[in-house]
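Count along the sequence shown from 1, add 1230, and you get the number used in our numbering. All C-beta atoms in this analysis are idealised placements derived from N, C-alpha and C, irrespective of residue type, glycine included. Fair warning: this is a prediction, and the values are worked out from it, not measured in the lab.
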Amino acid sequence: MNSFANRLICWQKAYGRHDLPWQGESAYRIWLSEIMLQQTQVTTVIPYYLRFIKSFPDVVTLAAATEEQVLAHWSGLGYYARGRNLHKAAQLIAGKHGGEFPTDLEQILALPGIGRSTAAAIAALARHERYAILDGNVKRVLARYCGIDGWPGERRTEAKLWEVAEDLLPERDVAVYTQALMDMGATVCTRLRPRCANCPVQADCVALSTGRVEQLPAPRPRKLIPERTASFLLLKHGHEIMLEKRPPSGIWGGLWCAPQLDETDETSYLLRNDMEISRRVELEAFTHTFTHFKLHIRPVLLELAHKPIRAQQQGCIWLDVDEALGAAIPSPVRQLLLTLQASSRVS
Ligand code: SF4
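The following block contains the structure:
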């Protein structure tokens, strides 16, 4: 039988994806797409990717941008550390590598936000170098095809998967093979309802022959996700909304957010900041889920009688709602501003 790699390569040429906007592009653009694609679907990524390269067509332009500009382009895509690391890495490339994306795998790996699989994907796709990738989709394909038990996030299982990924690597056509693995994971060997009847390696897939397609890969051992509740204060004066800059690290680091009250009581916050309220409306609560916890958000619209002194202080801005929607804001804040805009509470 033809090797796993050969079957995948033939399949990719006939049925794989050939029109993704970063395919055949520079290492910089492939890197950008790989970072955006972490935890995010292709259809979501494409418009972000196109907007991003329009503003930052190469690594030097990205390095010269401010973090604020980069995060504004990332706004809504989530996992903002990715955007911050991308910016830091671009500055390193501009400073240490003369603006040229490094060719050496060790140098690529040394850049912030780039792990083994991402570095290998850049080397394989942009430079046709022989390196194995192992992202979430590939882990699923290989765990099923080779019948590997265990949760892929566990060190021993992951090591086994890396071993298999290296063993299956072809001598030639590495770029097509890498794309084939990605395409297989995204379109055939999907998490739910994989299309085994259309799979190029169905003939010797262990999961299929042993009836374990649904069971592999083993899920993450169940752990209760902690839950927190917070109030988001939508402080409004005239047509403007007040936003606060989050600390540089942690959740939504460096983004503009509505003031968030965890334990603090609203009245003492308003008194402390010399804020007098003319109208108070509780908006519909909703939940935002992070990978490691759930945040139940209770938004409160507070119309201020006058703009407080604190408005002039560093770390706070007052913006028109339309303008705020173009700033570096996390998606729950975007969602709230869109609701406000739609309901004409802010007009
Ligand atoms: Fe995945 Fe099914 Fe193909 Fe096996 S036969 S690799 S489970 S799509």
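Residue i in three-state terms, based on DSSP
| i | result |
| --- | --- |
| Lys1284 | helix |
| Ala1460 | strand |
| Cys1546 | strand |
| Glu1298 | helix |
| Trp1252 | coil |
| Pro1529 | strand |
| Glu1553 | helix |
| Pro1508 | A quick correction: the sequence has Ser, not Pro, at residue 1508. Here Ser1508 sits in strand by DSSP. |
| Phe1523 | coil |
| Ile1471 | strand |
| Lys1537 | coil |
| Lys1466 | strand |
| Phe1589 | There is no way to answer for residue 1589, as the model of the chain reaches only from 1231 to 1577. |
| Cys1435 | coil |
| His1518 | strand |
| Leu1339 | helix |
| Leu1500 | helix |
| Leu1307 | coil |
| Leu1372 | helix |
| Arg1575 | Here the model assigns Arg1575 a pLDDT of 48, short of 50, so the residue's position is not dependable, and the following value carries that caveat. If DSSP states are grouped into helix, strand and coil, Arg1575 belongs with coil. |
| Trp1381 | coil |
| Trp1482 | coil |
| Gln1269 | coil |
| Cys1240 | helix |
Proximity below 8 Å, CB of residue i to CB of residue j
| i | j | result |
| --- | --- | --- |
| Ile1547 | Phe1520 | no |
| Tyr1279 | Ser1256 | no |
| Thr1408 | Ile1338 | no |
| Ile1344 | Ala1319 | yes |
| Val1395 | Leu1372 | Reading off the sequence shown, one finds Ala at residue 1395, where the question assumed Val. Going by C-beta atoms, Ala1395 is nearer than 8 Å to Leu1372. |
| Ala1340 | Ile1260 | no |
| Arg1458 | Phe1523 | yes |
| Leu1531 | Leu1513 | yes |
| Val1551 | His1469 | yes |
| Gln1432 | Ala1460 | no |
| Phe1331 | His1303 | no |
| Trp1381 | Pro1449 | yes |
| Gly1545 | Glu1474 | yes |
| Lys1369 | Pro1447 | yes |
Reference residue i, options the options, closest by Cα
| i | options | result |
| --- | --- | --- |
| Leu1335 | Ile1344, Gly1325, Ala1349 and Gly1328 | Ala1349 |
| Val1511 | Glu1533, Lys1390, Tyr1499 and Ile1378 | Glu1533 |
| His1248 | Ile1338, Arg1385, Ala1410 and Glu1474 | Ala1410 |
| Gly1306 | Leu1568, Arg1564 and Ser1233 | Arg1564 |
| Asp1379 | Gln1268, Ala1293, Ile1283 and Arg1442 | Arg1442 |
| His1358 | Pro1342, Ala1320, Pro1400 and Leu1454 | Pro1400 |
| Thr1270 | Gly1308, Ile1283, Leu1531 and Phe1282 | Gly1308 |
| Ala1558 | Gly1329, Glu1297 and Leu1446 | Glu1297 |
| Ser1347 | Phe1331, Arg1360, Asp1365 and Tyr1375 | Asp1365 |
| Glu1488 | Leu1465, Asp1504 and Glu1496 | In the sequence as presented, Glu is not what sits at residue 1488; that position holds Ala. When only C-alpha atoms are compared, the closest one is Leu1465. |
| Leu1250 | Val1404, Phe1234 and Ile1276 | Ile1276 |
| Pro1538 | Asp1504, Leu1549, Arg1509 and Gly1483 | Asp1504 |
| Ala1244 | Met1472, Pro1430 and Trp1486 | Pro1430 |
Presumed contact (8 Å Cβ cut-off) between residue i and residue j, rounded CB distance
| i | j | result |
| --- | --- | --- |
| Ile1527 | His1518 | 6 Å |
| Gly1313 | Leu1301 | 5 Å |
| Gly1377 | Ala1311 | Between Ala1311 and Gly1377 the Cβ distance is about 35 Å, and since that is not below 8 Å, they are no contact. |
| Phe1578 | Pro1560 | The requested residue 1578 is not part of the displayed model; the chain covers only 1231 to 1577. |
| Asp1397 | Gly1246 | That belief does not hold up - the Cβ atoms of Asp1397 and Gly1246 are roughly 22 Å apart, past 8 Å. |
| Gln1253 | Val1406 | Not really, about 11 Å apart at Cβ, beyond 8 Å. |
Could you name the residues, in chain order, whose CB is less than 6 Å away from a heavy atom belonging to ligand 1? Val1371, Arg1374, Tyr1375, Val1418, Cys1419, Pro1424, Cys1426, Cys1429, Val1431, Gln1432, Cys1435, Ala1437, Leu1438 and Val1443
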